[in-house]
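>
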Amino acid sequence: VTIKSTCSKLSIMAGIIAAVIASNHNAFAETIKVKGSEAGTSVTVNFSFNGVTPANYSTFTGSDNIGGPFSAQQIADFSLDTGSCMAPDGSAGTVAVLIQSTEVDSYNPGQLYSTGVGAAAGSGCLSNTTVSFGLTVILSVTGGTGKFANASGSLTYTETGTILAAPGSPGSGLFGAFQATRTGAVTD
Amino acid sequence: VTIKSTCSRLSIMAGIIAMIASNRKAFGGTVTVKGSDAGTFVTANFTYDGVAPAISITYAGSDNLGGPFTSQDIGEYVGTGSSCTAPDGSAGTVFVLVQATEVDTYNQGQLYSTGTGAAAGSGCTSNTTGSFGLSETHSVIGGTGKFADASGSIAGTTTGKDLAVPGSPPGSLGIFGAFQDVRTGAVTD
Numbered sequence: 010v011t012i013k014s015t016c017s018k019l020s021i022m023a024g025i026i027a028a029v030i031a032s033n034h035n036a037f038a039e040t041i042k043v044k045g046s047e048a049g050t051s052v053t054v055n056f057s058f059n060g061v062t063p064a065n066y067s068t069f070t071g072s073d074n075i076g077g078p079f080s081a082q083q084i085a086d087f088s089l090d091t092g093s094c095m096a097p098d099g100s101a102g103t104v105a106v107l108i109q110s111t112e113v114d115s116y117n118p119g120q121l122y123s124t125g126v127g128a129a130a131g132s133g134c135l136s137n138t139t140v141s142f143g144l145t146v147i148l149s150v151t152g153g154t155g156k157f158a159n160a161s162g163s164l165t166y167t168e169t170g171t172i173l174a175a176p177g178s179p180g181s182g183l184f185g186a187f188q189a190t191r192t193g194a195v196t197d
Numbered sequence: 022v023t024i025k026s027t028c029s030r031l032s033i034m035a036g037i038i039a040m041i042a043s044n045r046k047a048f049g050g051t052v053t054v055k056g057s058d059a060g061t062f063v064t065a066n067f068t069y070d071g072v073a074p075a076i077s078i079t080y081a082g083s084d085n086l087g088g089p090f091t092s093q094d095i096g097e098y099v100g101t102g103s104s105c106t107a108p109d110g111s112a113g114t115v116f117v118l119v120q121a122t123e124v125d126t127y128n129q130g131q132l133y134s135t136g137t138g139a140a141a142g143s144g145c146t147s148n149t150t151g152s153f154g155l156s157e158t159h160s161v162i163g164g165t166g167k168f169a170d171a172s173g174s175i176a177g178t179t180t181g182k183d184l185a186v187p188g189s190p191p192g193s194l195g196i197f198g199a200f201q202d203v204r205t206g207a208v209t210d
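Those protein sequences? They're chains A and B, same order as listed.
The opening position of the first sequence corresponds to residue 10 in this note's numbering, with each subsequent residue numbered one higher.
The opening position of the second sequence corresponds to residue 22 in this note's numbering, with each subsequent residue numbered one higher.
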């Protein structure tokens with residue numbers, strides 16, 4: 010009787026677990042404290058979030074503990090503020106603030122989408138005299154595909170870089186390189 | 022006599038092998054392509070026809086042609102006004118390829134391919150959600166390294182989503198989106 014009763018209870022438990030798992034994808038959801046790094050380049054493109062200034066398109070690769078190695082692209086628009094700051098190389102600079110940014114990270118398990126809007130989501134410092142710049146950007150995760158279809162949370166990027174080409178008139182645009190670390194918390 | 026005959030045969034075989042080795046094309050084989058990739062696209066300051074801007078497409082993937090690769094594609098598309106159903110089930114509009122040029126960079130070399138016109142590419146983009154699907158076939162036009170003399174075709178079946186479409190009407194200030202793609206075809210290298 011005891012064995013039969015135990016087996017019956019185990020069957021019920023297995024049934025409940027199976028039903029919960031099958032009916033609720035979020036039963037597998039977990040929050041990961043993000044740690045990673047990346048590097049790439051950025052160039053001015055024919056895209057604008059506000060119709061006033063052209064955005065920059067960044068292409069980069071890296072690795073983190075959310076999904077391992079990834080390749081990524083980000084479209085971001087910044088404007089220069091009037092405030093003063095110190096660039097990463099110690100030179101005097103001008104504050105830059107985020108207008109808007111959208112990013113896609115492509116991992117083997119799927120793509121992760123994130124976005125941020127306004128100065129509260131991103132700011133930095135661009136040297137007035139050298140090619141040094143630094144940025145901190147916080148993007149909200151807005152889902153994705155595959156493993157990240159229902160992802161949420163936020164990613165914080167701390168970035169330093171160098172402007173490599175900034176042609177004067179009649180030229181235009183910026184091309185630069187950067188390295189960044191990423192932190193945050195993502196629930197998938 | 023037997024040893025001499027054997028040595029003679031071996032010499033002939035060695036000669037044939039040497040001839041094959043000197044002719045790289047003798048190693049050329051046709052690969053039935055199987056692979057996948059994922060990436061993003063953004064409106065570029067580039068146009069094939071002077072009518073509309075193309076999009077710059079950046080992605081990474083892996084296939085049985087050369088293993089892992091990174092790619093760039095410059096493609097221009099135009100809406101037709103015809104109705105269709107987007108991958109997410111919403112009502113959409115048919116769009117077709119104007120022209121596209123693609124470079125896949127493998128460890129062994131670069132593979133070049135191109136496609137032109139509606140016969141080479143068509144898809145459906147949602148009128149409301151950003152969801153889109155696309156089928157496109159490119160002719161391989163050579164490359165570098167292992168792919169210097171490559172020919173054949175590569176077909177992509179793509180699903181994706183427009184993630185940023187600023188301006189009024191939406192997208193008039195550019196489009197940024199993401200996609201995943203399955204690639205098939207046959208390539209002779």
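Think of the CB as a built atom: it goes at the ideal place given N, C-alpha and C, for glycine as much as any other residue.
Please read these numbers as outputs of a predicted model, since none were measured by experiment.
Return yes when the Cβ of residue 153/B is within less than 9 Å of the Cβ of residue 108/B, no when it is not.
To locate residue 108/B, count along the second sequence from 1; it is residue 87. To locate residue 153/B, count along the second sequence from 1; it is residue 132. In this structure, residue 153/B lies closer than 9 Å to residue 108/B by Cβ.
> In the DSSP assignment, what residue or residues form a beta bridge with residue 183/B?
For the purposes of this step, residue 183/B is taken as residue 162 along the second sequence, with counting starting at 1. In DSSP, residue 183/B forms a bridge with 198/B.
> Along chain A, in chain order, which residues have C-beta atoms closer than 7 Å to that of residue 61/B?
In the second sequence, residue 61/B corresponds to position 40, counting from 1. Residues of chain A passing the Cβ test: 82, 113.
> Does DSSP put residue 85/A in a helix, in a strand, or in coil?
In the first sequence, the residue the question calls residue 85/A occupies position 76. In the structure shown, residue 85/A sits in a strand (DSSP, three-state: E or B).
> Put residue 58/A into one of helix, strand or coil per three-state DSSP.
Here residue 58/A refers to the residue found at position 49 of the first sequence. Note: residue 58/A maps to coil in three-state DSSP.
> Using a Cβ cut-off of 9 Å (strictly closer), state whether residue 54/A contacts chain B.
Within the first sequence, residue 54/A is the residue found at index 45, counting from 1. Output row for residue 54/A: interface = yes.
> Answer with yes or no whether the minimum CB distance from residue 166/B to chain A is below 9 Å.
One-based indexing of the second sequence puts residue 166/B at position 145. Taking Cβ atoms only, chain A never reaches closer than 9 Å to residue 166/B, which makes this a no.
> Is there a C-beta anywhere in chain A that falls below 9 Å from the one on residue 127/B?
In the second sequence, the residue the question calls residue 127/B occupies position 106. No, because no Cβ of chain A sits closer than 9 Å to the Cβ of residue 127/B.
> Using the beta-carbon of each residue, which ones in chain B are nearer than 7 Å to residue 66/A?
Indexing the first sequence from 1 puts residue 66/A at position 57. Under the 7 Å cutoff, chain B gives 63.
> Determine whether the beta carbon atoms of residue 117/B and residue 93/B lie at a separation below 9 Å.
Walking along the second sequence from the start, residue 117/B turns up at place 96. Walking along the second sequence from the start, residue 93/B turns up at place 72. No, the pair does not count as a contact, with Cβ atoms beyond the cut-off.
> Note down, in chain order, all residues in the stretch 174–204 of chain B with a beta-carbon under 7 Å from any beta-carbon belonging to chain A.
Correct list: 184, 185, 187, 188, 194, 195, 197, 199, 201.
> Tell me the DSSP secondary structure of residue 116/B in three-state form.
On the second sequence, residue 116/B is found 95 positions in, with the first residue counted as 1. Residue 116/B: strand per DSSP, three-state reduction.
> If I measure Cβ to Cβ from residue 171/B and keep anything under 7 Å in the same chain, skipping five residues before and after, which residues do I get?
Locating residue 171/B in the second sequence gives position 150, where the first residue counts as 1. These residues qualify, in order along the chain: 132, 161, 163, 164, 208, 209, 210.
> Identify, in the order they occur along the chain, each residue of the same chain with its Cβ nearer than 8 Å to the Cβ of residue 181/A, setting aside the five sequence neighbours on each side.
Within the first sequence, residue 181/A is the residue found at index 172, counting from 1. These residues qualify, in order along the chain: 53.
> By Cβ distance below 6 Å, which residues in the same chain neighbour residue 185/B in space, the five residues on each side in sequence not counted?
Stepping through the second sequence from its first residue, residue 185/B is reached at position 164. Around residue 185/B: 197.
> Can you tell me which residues form a DSSP beta bridge with residue 240/B?
Residue 240/B is absent from the structure shown; chain B starts at 22 and stops at 210.
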